[in-house]
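Here the sequence shown stands for residues 936 to 1043, numbered as in the working numbering. Glycine is no exception: its CB is placed at the ideal position from the N, C-alpha and C atoms. From a predicted model like this one, the values you see are computed outputs, not experimental measurements.
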Amino acid sequence: MTDPKHIPTIQELIELPALETAQISPDGRLVAYELSQPDWEKDSYISQIWLVSTEVATEDQPEPRQLTFTANGSRHPRWSPDGRFLAFIAQREGDECRQIYRLAIAGG
C-alpha cells in the first residue's frame, strides 16, 4: 500500500505519464488521446495514442487500449467526420520524416 504521506521526488514526478491531446469521437462514445512517457535513452518524451470508451466498461470495450506502438511516438490524433478513422502523425521506421497515418477504428 502506498504511504499517503509520501512526498514524491523530482524523479518520480518526471516519470509520471502525461495525458495530452484528447479528442472525443463525433458520436461522443470514444476518446482518443496521447499518453507521453519519458524515454531516458532518447532524452525525450515518447507519446503513443490510446483509445477509451466514455461509457461504463463492458466486455466490448473494457479498458483503455493502446493503438500505436511506434519507436519515435505518435502524436495529434484526429477523428474523421464519420468517426470510422483516426488520423495521427508519426515517424515510423524507414520514414525520412513525420507522416500522417490513418487507422480504422473498427479493425485497426
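In whole angstroms, what is the alpha-carbon distance linking Gln987 and Glu1031?
-> The amino acid occupying residue 987 in the given sequence is Val; Gln does not appear at that position. Rounded to the nearest angstrom, the two C-alpha atoms are 31 Å apart.
Chain-order list of residues whose beta-carbon lies under 7 Å from that of Glu1028 (same chain, five-residue window excluded) = Ala1006
Is it true that the CB of Thr1003 sits closer than 7 Å to the CB of Gln983?
-> yes
For the putative contact between Arg1010 and Ala1041, defined by C-beta atoms under 8 Å, what is the C-beta separation to the nearest angstrom?
-> Contact doesn't hold; Cβ gap of about 23 Å is too wide.
Residues bridged to Arg1000 by DSSP?
-> Arg1000 is bridged to Leu986.
Thinking just about the alpha-carbon of each residue, which of Tyr968, Glu947, Glu950 and His941 is nearest to the one in Pro1012?
-> Tyr968
Heavy atom of the ligand MG within 6 Å of Ser988 beta-carbon = Absence of the ligand MG from the depicted structure is noted, as is the absence of any ligand whatsoever, leaving it without description.
Taking only the alpha-carbon atoms, compute the straight-line gap between Ser979 and Pro973 and give it to the nearest angstrom.
-> 6 Å
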